[in-house]
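Novice: Per our numbering, the very first residue in the sequence shown carries number 761; after that it's consecutive. Think of the CB as a built atom: it goes at the ideal place given N, C-alpha and C, for glycine as much as any other residue. Note that the coordinates shown come from a computational prediction; the quantities given were computed from them, not determined experimentally. Below are the structure tokens for one structure; questions will follow.
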Amino acid sequence: MDTRKLLHFTETVDQGSITKAARALRVSQPALTKSLRLLENELNVKLLVRTSAGVTMTEFGRSLYAHARAVAAEIEHARAEIRQLSGIGRAFLKIGVLPSVSSTLFARAIAKVAATMPDLSIHVHEGVHYELMSAIRRREYDFVIAMAERFEPDPDPALRYRIILRDQLRIVARVGHPLDGQETVTCADLIKFPWVHPVVGTAHRPILSQLFKESGIQPPHAQMECASVQFAKTVMTASDALGLMPAHTIEPEMHARTLCCLPILSEHLQRSVGIYYSIHRPPTPAARALMREVERICSATLQDQQPLRLAAAP
């Protein structure tokens, strides 16, 4: 297998059709079709099923796709490193991060490091926990910031991680919400309102479910689902919908008095966040500098937080 065929294959999968992939790759459609056919002939299996609606992967295709993405990431990493060592390229980082961390703590770290390393090029990609973990196992990123501990019960020997943040998830609502201002809020109160849920596949969903099950109440119906923190905040600001997120993600809205945290706490609403990297792709000096700054900011954020004196969930 040559890397060109693998690139053609992954791009076709990502685009969902040969026509779109050919356009993105700037090759003719017949040339791309031939390349895919040669790859299938070489492996003696069918990788893609072609329909009028586009292409879907077979079982063999899904297996190859994971490896092909890892190969593409390694080649990209090698090219960037060679350019940097030869003095003709900028230092390059590709980072994956949870949406609930990217716009606050991680953004501050990026701003600090970028100011001290002007030749550094940083590509940041948001993703839910399980997407990030799959990607770091394929070595697509220099490192990822994802959930830790109970979400990774079987440690991967090819990964290294350390916890950088332990924070409290909070039930968030608009200022002036019917529950705003109450001294005690229970799960029975929360179930009466619509929710902006994390999408299926995010780590916050089982945390929220456990909170309600502990109270003997079925988790709230997912009226709206999203992986975008900004979308969830906008919906909550404009309605009586409730959401689940760390308090640091709504700091601007809390200062502006548009969103608030409801007085409900539970051990089930605690989470740990960690930095993960692959032993097959050790952190570069630039990656280590960014990781240290992320840890510093996370540590300072926890020290600045005031003790919470709120009613616990029943």
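1. In three-state DSSP terms, what is Arg1017?
2. State the DSSP-derived secondary structure class of Gln990, mapped to helix, strand or coil.
3. Nearest to Leu1004 by alpha carbon, out of Pro859, Arg810, Ala826?
4. Kindly indicate which residue of Ala791, Ser823, Val815 has the alpha-carbon position closest to the one of Leu803.
5. Report all residues from its chain with a CB closer than 7 Å to the CB of Thr793; omit the five preceding and five following residues, and keep chain order.
6. CB Tyr1036 to CB Phe903, shorter than 9 Å?
7. Counting only the same chain and skipping the five closest in sequence on each side, list residues whose C-beta sits under 8 Å from that of Lys973.
8. Going by Cα to Cα distance, which pick from Arg965, Ser881, Val873, Lys854 is closest to Tyr901?
9. Once you ignore the five residues that flank Ile924 on each side, which residues in its own chain have a CB closer than 7 Å to its CB?
10. Looking at C-alpha atoms only, which residue of Glu886, Arg1031, Phe866, His837 is the closest neighbour of Gln970?
11. Is Phe852 helix, strand or coil by DSSP?
12. Tell me, to the nearest whole angstrom, how far the beta carbon of Leu798 is from that of Phe769; I am working on the premise that it is less than 8 Å.
13. So, does the CB of His883 fall closer than 9 Å to a CB anywhere in chain D?
14. From the DSSP output, which residues share a beta bridge with Tyr1036?
15. Could you pull the DSSP bridge partners for Arg930 from this structure?
16. Starting from Ile882, follow the beta strand (DSSP E) in both directions and report where the run begins and ends.
17. Is the Cβ-Cβ distance between Arg897 and Leu919 less than 9 Å?
Specialist: Quick look at the numbers:
1. coil
2. helix
3. Pro859
4. Ser823
5. Ile778
6. yes
7. Pro979
8. Lys854
9. Val1033, Gly1034, Ile1035, Val1054, Glu1055, Cys1058
10. Arg1031
11. strand
12. Not quite, the Cβ-Cβ distance comes to about 11 Å (not below 8 Å), so this is no contact.
13. Although the question refers to chain D, the structure presented lacks it and comprises just one protein chain.
14. Val904, Tyr921
15. Met1005
16. 880-886
17. yes
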